[in-house]
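**Student:** Sharing a structure, written as structure tokens. Questions coming.
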Amino acid sequence: AQSVTQLDSHVSVSEGTPVLLRCNYSSSYSPSLFWYVQHPNKGLQLLLKYTSAATLVKGINGFEAEFKKSETSFHLTKPSAHMSDAAEYFCVVRDNYGQNFVFGPGTRLSVLP
Amino acid sequence: NAGVTQTPKFRVLKTGQSMTLLCAQDMNHEYMYWYRQDPGMGLRLIHYSVGEGTTAKGEVPDGYNVSRLKKQNFLLGLESAAPSQTSVYFCASSYDSRKFGGGVVRSNQPQHFGDGTRLSIL
């Protein structure tokens, strides 16, 4: 069975500094991995998804994530945080032959001026 | 392109009342899902459907019923609303990743979410 761990429930950074949101997963099969963002009182928006074509995945709004099979990780990064990045971020795993998506508990990102 | 549309967006109910939340998608997705989101609890799966006429229980199905009479619609019903069902409800849809099209597995298919329904039960 798949599972997702997001190691930090809350991350706080200053505007203009790098962002690192950590995600570790477990999956019996080759996983599909995703990051979603949820701004306050909004729905979930897909940031990026892992495809087997490349281990470094670029997403929207300057975010990217690196798939590391040996570490079973899919950490989300951004070189320079903006105030508009303040939101909740969810790491999600899907077994390619499964019906369901497993969500991590979420990491709340705060960006300080 | 509407994507996933949820109606209504907001609703206030009294304990014991019933209501139905509607989710509609126009992407021809096979799978549809209902989640609830509560503070500090993340997203929890209520029910899901892998195709027209089929439904299955998720993590927190009690007190809810669902129906998928048409591929594009997935209804969530509360027969007798309780204050514990006060939540934000999200619908999502996705392709069946196992389907073969031209010999290729459609892998890495994400979920697409609606904007949510805020439901308060007094």
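Chains as they are written, first to last, in my numbering: chain A, 6 to 118; chain B, 75 to 196. For every residue, glycine included, the Cβ atom is placed at its ideal position computed from N, Cα and C. All of these numbers come straight from a predicted model, not from anything done at the bench.
Tell me whether B:P157 sits in a helix, a strand or coil according to DSSP, three-state version.
**Tutor:** Looking at B:P157 - three-state DSSP - the assignment turns out to be helix.
**Student:** Since B:E133 is in the beta strand (DSSP E), which residue starts that stretch and which ends it?
**Tutor:** Neither: B:E133 is in no beta strand (DSSP E) and is coded neither H nor E.
**Student:** Can the beta-carbon of B:L152 be found closer than 8 angstroms to that of B:S194?
**Tutor:** No.
**Student:** Residues of chain A with CB under 8 angstroms from B:L119, in chain order?
**Tutor:** Per Cβ cutoff of 8 angstroms: N105.
**Student:** So the candidates are B:Y169, B:V134 and B:L117; which of them puts its Cα closest to the Cα of B:G77?
**Tutor:** The residue with the shortest Cα to Cα distance from B:G77 is B:Y169.
**Student:** Closest by CA to A:Y55, which one among A:V107, A:Q104 and A:F72?
**Tutor:** When only C-alpha atoms are compared, the closest one is A:F72.
**Student:** Under 6 angstroms Cβ to Cβ from A:K63, same chain only, skipping five residues before and after it: list those, please.
**Tutor:** So the qualifying residues of the chain are E69.
**Student:** Which value, in whole angstroms, describes the spacing of the CA atoms of B:K144 and B:Y105?
**Tutor:** About 12 angstroms.
**Student:** By Cβ distance below 7 angstroms, which residues in the same chain neighbour A:L61 in space, the five residues on each side in sequence not counted?
**Tutor:** Excluding positions up to five away in sequence, the list reads E69 and E71.
**Student:** Given a threshold of 16 other Cβ atoms within 10 Å of its Cβ, counted over all protein chains shown, does B:G177 qualify as buried or as exposed?
**Tutor:** Because B:G177 sits at a pLDDT of 47, beneath the cut-off of 50, its placement in the model cannot be relied upon, and the point is left open.
**Student:** Give me the chain B residues within the contact set of A:S31, using Cβ-Cβ distance strictly less than 7 angstroms, ordered along the chain.
**Tutor:** Those within 7 angstroms of A:S31 in chain B number zero; the least Cβ separation is about 17 angstroms.
**Student:** What's the C-alpha gap between A:A6 and B:K88?
**Tutor:** Approximately 39 angstroms, taken between the alpha carbons.
**Student:** Along chain B, which residues have their Cβ under 9 angstroms away from the Cβ of A:F79?
**Tutor:** Near A:F79 there are no residues of chain B at all, since even the closest Cβ is about 13 angstroms away, more than 9 angstroms.
**Student:** Within the same chain, show all residues whose beta-carbon is closer than 6 angstroms to that of B:Y107, passing over the 5 residues directly before and after it, in chain order.
**Tutor:** Within the same chain, B:Y107 has close Cβ partners Y122 and A166.
**Student:** Note down, in chain order, all residues in the stretch 121–137 of chain B with a beta-carbon under 9 angstroms from any beta-carbon belonging to chain A.
**Tutor:** For the stretch 121–137 of chain B, which is checked against every Cβ of chain A, the residues closer than 9 angstroms are Y122, V124, A130 and G132.
**Student:** Within 10 angstroms of the Cβ of B:T191, are there 16 or more other Cβ atoms? Answer buried if so, exposed if not.
**Tutor:** Result: buried.
**Student:** By the criterion of Cβ-Cβ separation under 7 angstroms, what are the contact partners of A:L61 in chain B?
**Tutor:** Correct list: empty, because the minimum Cβ distance to chain B is about 15 angstroms.
**Student:** Can you tell me whether B:F164 is buried or exposed, with buried defined as 16 or more other CB within 10 angstroms of its CB?
**Tutor:** Burial call: buried.
**Student:** Can you give the Cα-Cα distance for A:P84 and B:G132, rounded to whole angstroms?
**Tutor:** Approximately 38 angstroms, taken between the alpha carbons.
**Student:** What is the DSSP secondary structure of B:G90, counted as helix, strand or coil?
**Tutor:** Correct three-state label for B:G90: coil.
**Student:** Return the Cβ separation of B:R118 and B:T128 in integer angstroms, given the expectation that the two are a contact with Cβ distance under 8 angstroms.
**Tutor:** About 21 angstroms; that fails the 8 angstroms criterion.
**Student:** Is B:D100 close to chain D, meaning its C-beta is less than 8 angstroms from at least one C-beta of that chain?
**Tutor:** You won't find chain D in this structure, because its protein chains are A and B.
**Student:** So, helix, strand or coil for A:M88, using DSSP?
**Tutor:** Three-state DSSP puts A:M88 in a helix.
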